[in-house]
Amino acid sequence: MAKLTRRKFIAVSGLTAGFAIAVQPISAKTITTDPQGLIAGEVKIPVADGTIPAFRAMPDSGENFPVILVIQEIFGVHAYIQDVCCRLAKLGYVAIAPEMFYRQGDVSKLSDIAEIRKVVSKVPDAQVMSDLDATVAWAANSAKGNSDRLGITGFCWGGRITWLYAAHNPQVKAGVAWYGKLVGEASELTPKHPIDIAKALQVPVLGLYGGKDTGIPLDTVEQMREQLKGCNANAEIVVYPDAPHAFHADYRPSYRQKEAKDGWNRLKAWFKQNGV
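According to mature numbering (1 follows the signal peptide of the UniProt record, and there is no 0), the residues represented by the sequence shown are -22 to -1, 1 to 254, in order.
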């Protein structure tokens, strides 16, 4: 497994205030959550070798909130991911999206998908797991979060991470993975993929996938289903036959309102039934 660098790094910028440059133009169907009743904005998470920025949203009154980690797509913690946090905060959660690529580069300022992928390819899974552990600790210590009621959800790149973190941290009560890659080649930075941890999974994870996702072949989804039969977790995979990749991303042409709404309702029910 790749080791985390102990080199201190210095913050050069925070989170983007809008949408990532690479996803312009923005769809007219974009959902914007009213922040009234919420505390929402950028925070700094102390991690192993410095701090990373994160977007945090939570109710503006109360305490002991269940915690949900929100894991970004390859475009970073831009407006869409921030709004997902606000939607979850409206449900009574403290939702936190740490910027997972912070050390490697600011993808929100890149317009070329190939350049974005170069940055993302340099992010070690070990770094991600460590940063998420630190985020959970911060939520409990600094955001009135109850880490005994911990959930995780992620989209695309973050969908893969959702499966892996659920295997990494048994404290997680439930996860919801949106169209995350399941199968891949092992490397120093990415030694395991979701299919490799499926049989050992102890945490209930709901996977939401599109039947017309050209990047995640259905045969890999079926392979994952088969592997999950041997685990002790109440894991489940739902496939929407006509949905493409990123069907929840309301700011993109791939958005499918019917499937996105159904998936969101399933997410809410999944977290509730599993104690998040």
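Where a beta carbon is used, it is the ideal one built from N, C-alpha and C, also for glycine.
Look at the alpha carbon of residue i and the alpha carbon of residue j, and state the distance between them as a whole number of angstroms.
{"i": "residue 64", "j": "residue 36", "result": "7 Å"}
{"i": "residue 172", "j": "residue 142", "result": "6 Å"}
{"i": "residue 117", "j": "residue 192", "result": "36 Å"}
{"i": "residue 147", "j": "residue -6", "result": "31 Å"}
{"i": "residue 144", "j": "residue 38", "result": "28 Å"}
{"i": "residue 217", "j": "residue 138", "result": "16 Å"}
{"i": "residue 108", "j": "residue 149", "result": "14 Å"}
{"i": "residue 119", "j": "residue 25", "result": "14 Å"}
{"i": "residue 230", "j": "residue 40", "result": "35 Å"}
{"i": "residue 182", "j": "residue 96", "result": "32 Å"}
{"i": "residue 10", "j": "residue 235", "result": "14 Å"}
{"i": "residue -18", "j": "residue 28", "result": "Legend: pLDDT at residue -18 = 35, less than 50; position of this residue unreliable, no value from coordinates given."}
{"i": "residue 73", "j": "residue 47", "result": "6 Å"}
{"i": "residue -20", "j": "residue 214", "result": "Confidence at residue -20 is low in this model, with a pLDDT of 36, below 50, so the placement of that residue should be treated as unreliable; the coordinate-derived value is given next. Those two C-alpha atoms are separated by around 32 Å."}
{"i": "residue 93", "j": "residue 58", "result": "21 Å"}
{"i": "residue 160", "j": "residue 243", "result": "23 Å"}
{"i": "residue 254", "j": "residue 222", "result": "29 Å"}
{"i": "residue 202", "j": "residue 56", "result": "30 Å"}
{"i": "residue 52", "j": "residue 134", "result": "7 Å"}
{"i": "residue 110", "j": "residue 30", "result": "11 Å"}
{"i": "residue 169", "j": "residue 162", "result": "9 Å"}
{"i": "residue 155", "j": "residue -4", "result": "22 Å"}
Exposed or buried, residue i, counting other C-beta atoms within 10 Å across all chains shown (16 or more means buried)?
{"i": "residue 136", "result": "buried"}
{"i": "residue 232", "result": "buried"}
{"i": "residue 60", "result": "buried"}
{"i": "residue 252", "result": "buried"}
{"i": "residue 165", "result": "exposed"}
{"i": "residue 50", "result": "buried"}
{"i": "residue 188", "result": "buried"}
{"i": "residue 153", "result": "buried"}
{"i": "residue 91", "result": "exposed"}
{"i": "residue 250", "result": "exposed"}
{"i": "residue 44", "result": "buried"}
{"i": "residue 205", "result": "buried"}
At what residues does the alpha helix (DSSP H) containing residue i begin and finish?
{"i": "residue 179", "result": "Counting along the chain, residue 179 falls outside any alpha helix (DSSP H), and DSSP gives it neither H nor E."}
{"i": "residue 120", "result": "103 to 120"}
{"i": "residue 137", "result": "135 to 146"}
{"i": "residue 196", "result": "196 to 206"}
{"i": "residue 59", "result": "57 to 68"}
{"i": "residue 92", "result": "91 to 98"}
For the beta strand (DSSP E) that contains residue i, what are its first and last residues?
{"i": "residue 81", "result": "Segment: none, residue 81 is in no beta strand (DSSP E) and carries neither H nor E."}
{"i": "residue 19", "result": "16 to 25"}
{"i": "residue 241", "result": "Residue 241 -> not in any beta strand (DSSP E); alpha helix (DSSP H) instead, spanning 235 to 251."}
{"i": "residue 49", "result": "43 to 49"}
{"i": "residue 74", "result": "72 to 76"}
{"i": "residue 30", "result": "28 to 37"}
{"i": "residue 214", "result": "214 to 218"}
{"i": "residue 151", "result": "150 to 156"}
{"i": "residue 54", "result": "Element bounds for residue 54: n/a, residue is neither H nor E."}
{"i": "residue 183", "result": "183 to 188"}
Hey, out of the options, whose CA is closest to residue i's CA?
{"i": "residue 7", "options": "243, 85, 238", "result": "238"}
{"i": "residue 17", "options": "68, 105, 56, 45", "result": "68"}
{"i": "residue 85", "options": "-8, 195, 197", "result": "-8"}
{"i": "residue 106", "options": "82, 94, 88", "result": "82"}
{"i": "residue 131", "options": "248, 12, 70", "result": "248"}
{"i": "residue 54", "options": "45, 32, 66, 71", "result": "32"}
{"i": "residue 1", "options": "224, 122, 198, 245", "result": "224"}
{"i": "residue 19", "options": "34, 71, 228", "result": "34"}
{"i": "residue 140", "options": "185, 198, 126", "result": "185"}
{"i": "residue 71", "options": "151, 123, 21, 15", "result": "123"}
Quick one: any contact between the stretch 100 to 113 and the stretch 67 to 79, if contact means 3 or more CB pairs under 8 Å?
-> yes
Cβ contact (3+ pairs, closer than 8 Å) linking the stretch 207 to 221 and the stretch 175 to 184 | yes
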